[in-house]
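**Student:** Have a look at the structure that comes next, please.
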Amino acid sequence: DFGFDAAYELLRRAFGGAGVHALIGALCSSASISAARLSALADTPQVSHASTSPELSGDDFPFFARVVSSDSLLSVGLAETTRNLLGVKRVATIACTDAYCTA
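Counting the sequence shown from 1 gives a position; this note's numbering is that position plus 4.
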């Protein structure tokens with residue numbers, strides 16, 4: 005698994021074998037989830053600038069943080085903002101069912 009393998013290399017072998025004290029990334033949620041599993045085992049903080057999967061919000065990833073909201077919060081905020089700005093009473097969302105949308 006790319007995220008797990010990359011996190012392991014950084015945590016244990018970066019900087020001439022000294023490792024790191026924190027991880028930044030990953031760009032996608034699936035890689036962040038894999039890396040977060042390892043960073044939790046190593047008690048190493050991880051911060052993502054882009055991973056939005058709600059799965060990362062739970063207690064399973066105590067060393068994970070992000071600077072963007074999870075998809076579950078974004079979708080509610082987008083619907084409420086659209087409703088309030090347009091003054092409409094019924095708002096529908098267009099969704100997909102691929103791996104990105106169901107993460």
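All residues carry an ideal CB built from backbone N, CA and C; glycine is no exception.
1. Using only CA atoms, which one of A69, R70 and A96 lies nearest to L82?
2. Taking the alpha-carbon of P66 as reference, which of S38, S43, G23 and S55 has the nearest alpha-carbon?
3. Can the beta-carbon of A39 be found closer than 8 Å to that of L31?
4. Going by DSSP, which residues form a beta bridge with S52?
5. Does the segment 45-55 come within contact of the segment 9-29, defined as at least 3 CB pairs closer than 8 Å?
6. Residue range of the alpha helix (DSSP H) that R87 falls in?
7. Excluding the five sequence neighbours on either side, which residues of its own chain have a C-beta within less than 6 Å of the C-beta of L78, listed in chain order?
8. The alpha helix (DSSP H) that contains S34, what's its start and end?
**Tutor:** The relevant details are as follows:
1. Numbered from its first residue, the sequence shown carries residue 82 at position 78. The residue with the shortest Cα to Cα distance from L82 is A96.
2. Sequence index remark: in the sequence shown, residue 66 carries index 62 (1-based). For the residues S38, S43, G23 and S55, the minimum Cα distance to P66 belongs to S43.
3. Numbered from its first residue, the sequence shown carries residue 39 at position 35. Numbered from its first residue, the sequence shown carries residue 31 at position 27. If you check the CB distance, A39 and L31 do not come in under 8 Å.
4. As a position in the sequence shown, residue 52 is number 48, starting the count at 1. Answer is R70.
5. yes
6. Against the sequence shown, residue 87 aligns to sequence position 83. Start and end: D75 to L90.
7. Reading the sequence shown from its first residue, position 74 is the one you call residue 78. Annotation for L78: no residue places its beta carbon closer than 6 Å to its own, counting only its chain and skipping 5 residues before and after.
8. Taking the sequence shown and counting its residues from 1, the one referred to as residue 34 is at position 30. Taken as a continuous stretch (DSSP letters only), the alpha helix (DSSP H) holding S34 covers S33 to L45.
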